[in-house]
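Taking it in order: structure first as structure tokens, then the write-up.
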Amino acid sequence: MKVPDNQSPAANFEELAVPLFDQLYNFARWLTQDTSEAEDLVQETYAKALRGFSSFQTGTNFRAWMYRILRNSFLSSRTGLKTTVVFDEEAPERPPAADAPTPESLYLEQSNRQLVQDALADLPVPFREILLLCEVEEMSYQEIAETLSIPTGTVMSRLSRARKALRSLLQQKLKGGRHGM
Amino acid sequence: MACDAWAAELDAYLDGELGAAEARELNAHIKGCGACVADALERVQVKRAVAGAGERYEPSAEFRARVLKSVAVKIPASQRRDVERPASRGWKWWVLAVPALSVLIVSLLVNFYVERGKSQRQLVYSELIDMHVGTLASASPVDVVSTDRHTVKPWFQGKIPFSFNLPDLAGTDFTLLGGRVAYLGQAPGAQLIYQIRKHEISVFIFQDQGRGMGAPSTPMRELSFSVENWSQSGLRYFVVGDVNADDIQALSKLLRDAG
Chain U
1 MKVPDNQSPA
11 ANFEELAVPL
21 FDQLYNFARW
31 LTQDTSEAED
41 LVQETYAKAL
51 RGFSSFQTGT
61 NFRAWMYRIL
71 RNSFLSSRTG
81 LKTTVVFDEE
91 APERPPAADA
101 PTPESLYLEQ
111 SNRQLVQDAL
121 ADLPVPFREI
131 LLLCEVEEMS
141 YQEIAETLSI
151 PTGTVMSRLS
161 RARKALRSLL
171 QQKLKGGRHG
181 M
Chain C
1001 MACDAWAAEL
1011 DAYLDGELGA
1021 AEARELNAHI
1031 KGCGACVADA
1041 LERVQVKRAV
1051 AGAGERYEPS
1061 AEFRARVLKS
1071 VAVKIPASQR
1081 RDVERPASRG
1091 WKWWVLAVPA
1101 LSVLIVSLLV
1111 NFYVERGKSQ
1121 RQLVYSELID
1131 MHVGTLASAS
1141 PVDVVSTDRH
1151 TVKPWFQGKI
1161 PFSFNLPDLA
1171 GTDFTLLGGR
1181 VAYLGQAPGA
1191 QLIYQIRKHE
1201 ISVFIFQDQG
1211 RGMGAPSTPM
1221 RELSFSVENW
1231 SQSGLRYFVV
1241 GDVNADDIQA
1251 LSKLLRDAG
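Protein chains in written order, with the working numbering: chain U, 1 to 181; chain C, 1001 to 1259.
In structure tokens, the structure reads:
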């Protein structure tokens, strides 16, 4: 997205930031689990980003920059401070449980959208956010690393843990659903 | 290498992050290994489920307008780039000049084919305009004939790989005529036909493929047509018609709000 030098930075900002609006809101809403908090967060993000746009380095990833601002604002918010879970990135992974999900048990139809959404909402924030960035935003590992300010190796290990956690939650919910019928 | 070792690489492979050489090796292994195929399938399912379920929340139109205005208002008008309305200047003359004559449309289309090919957007637009004109010229333009959105929307279930919402048209000049399945780049989507003052407007909805269309546009004029496109909840909307840009915008807004 190359812009002629004689354009004002603010105009460039608008051009870059407006198309991200809906995606950023979706992400904010997932993080905060609350509409008005998500709105505050997005508004704060745009205000901060506009103010700090001169510090944004052309040629680097604007999307990752915006998401990073949003996420840092969230982490320093009341809800963010409350919900952030500290977990040990280096801890050895547990061996798979005996009742690890099988392809049959995890057959996810469209009607299970609600179930997947519930499972995502139940995940700890670090897992939820990395899954959203990878699957919904389709960010590369490098972009995720920039957004979350973590090394690429950590992106891979955290993604792997997040996916395991999600699969086991889904399996629980699928079982629960069957019992409920 | 044992399956366990491959399993560790599967996620990176499915995320498109595995190096070319490793990806080839993994591919070769998967072809002969049922367990790994099942594992990969399950991972793909979860990936797709998360991608679909994750696109969940829409900002309200009021909130979007408020924040985007707060961003825009700080930019002096003299410095603003006309980013979103590249072709909107001077369109008014054609409102007077363009009666919706099919002969004119066809000749313009031929002309357009000569001129086209400059950008992806133009290619897509020309394809959509073709579909729009082709549909209206057809003896049975729609496959589901109904003015009731609660009839039209469910008709698409099982025919296209996504779902969408349609606006309530009460109190507007728009009428829903019906819908049909349309294809863009081999991908199935929905085509809905609306009418306003005897003019037909096509609304195309496809899954957003890689967001290659760039920023959402305010109505752009292509030949005698106005086209507006935007992305919402993972879907790409195109509104195409030979009505004036205000009508296109009005219908687009209804659809956005219903999104």
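Just so you know, even glycine gets a beta-carbon here, dropped at the ideal spot from N, CA and C.
Query	Result
Per the DSSP calculation, C/Y1194 is bridged to which residue(s)?	C/L1176, C/I1201
Return the CA-CA distance between C/H1150 and C/S1163, expressed in angstroms with no decimal places.	13 Å
Verify the CB distance criterion: does U/Q171 have a CB-CB separation below 8 Å to chain C?	no
Just list the residues that DSSP pairs C/I1160 with in beta bridges.	C/Q1157
In the DSSP assignment, the alpha helix (DSSP H) including U/Q57 goes from what residue to what residue?	Element bounds for U/Q57: n/a, residue is neither H nor E.
Between which two residues does the beta strand (DSSP E) carrying C/N1274 extend?	What is shown of chain C runs 1001 to 1259, which leaves residue 1274 of chain C out entirely.
The beta strand (DSSP E) spanning C/G1241 covers which residue range?	1235-1241
According to DSSP, simplified to helix, strand and coil, what is U/L123?	coil
Helix, strand or coil for C/V1145, going by three-state DSSP, please let me know.	strand
Roughly how many whole angstroms lie between the Cα atoms of C/A1020 and C/Y1013?	10 Å
For C/A1182, write down the residues that DSSP places opposite it in a beta bridge.	C/G1189
Using a beta-carbon distance cut-off of less than 9 Å, what residues from the stretch 1051-1071 of chain C approach chain U?	A1051, G1052, A1053, G1054, E1055, R1056, Y1057, E1058, P1059, S1060, F1063, R1064, R1066, V1067, L1068, S1070, V1071
Is DSSP giving U/Q172 helix, strand or coil here?	helix
Would you grab the beta carbon distance between C/E1055 and C/G1234 for me? Rounded to a whole angstrom, and I think it's under 8 Å.	4 Å
Going along the chain, which residues of its own chain have a beta-carbon closer than 7 Å to the beta-carbon of U/C188, five neighbours each way excluded?	Residue 188 of chain U lies beyond the residue range present for chain U, which begins at 1 and ends at 181; the question has no answer from this structure.
According to DSSP, is U/Q33 helix, strand or coil?	coil
Compute the Euclidean distance between the alpha carbons of C/R1064 and U/G52, then round it to the nearest angstrom.	21 Å
Give me the chain U residues within the contact set of C/A1012, using Cβ-Cβ distance strictly less than 7 Å, ordered along the chain.	M156
Could you say if the stretch 39-55 of chain U and the stretch 144-156 of chain U meet the contact criterion of at least three C-beta pairs nearer than 8 Å?	no
Whole-angstrom Cβ separation of U/L16 and U/V42, contact assumed at under 8 Å?	Actually they do not touch by this definition, with Cβ atoms about 15 Å apart.
For U/A17, return the contacting residues in chain C, with the cut-off set at a CB-CB distance below 7 Å.	V1071
Please return the same chain residues whose Cβ sits closer than 8 Å to the Cβ of U/F127, not counting the five positions on each side in sequence.	R158, R161, A162, A165, L166
Between which two residues does the alpha helix (DSSP H) harbouring C/E1055 extend?	C/E1055 -> no alpha helix (DSSP H), and no H or E assigned at all.
Quick one: which chain U residues come within Cβ less than 7 Å of C/A1005?	Neighbours of C/A1005 on chain U: none; closest Cβ ~14 Å, over 7 Å.
Alpha carbon to alpha carbon, how far is C/L1018 from C/E1009?	8 Å
Under a CB-based cut-off of 8 Å, is C/Q1207 close to chain U?	no
Looking only at DSSP bridge pairs, what is C/F1206 linked to?	C/R1236
Tell me which residues of the stretch 1011-1045 of chain C have at least one Cβ-Cβ distance to chain U shorter than 7 Å, keeping chain order.	D1011, A1012, D1015, E1017, A1038, L1041, E1042, Q1045
Would you mind telling me which residues of chain U sit closer than 9 Å to C/Q1232, beta carbon to beta carbon, in chain order?	D22
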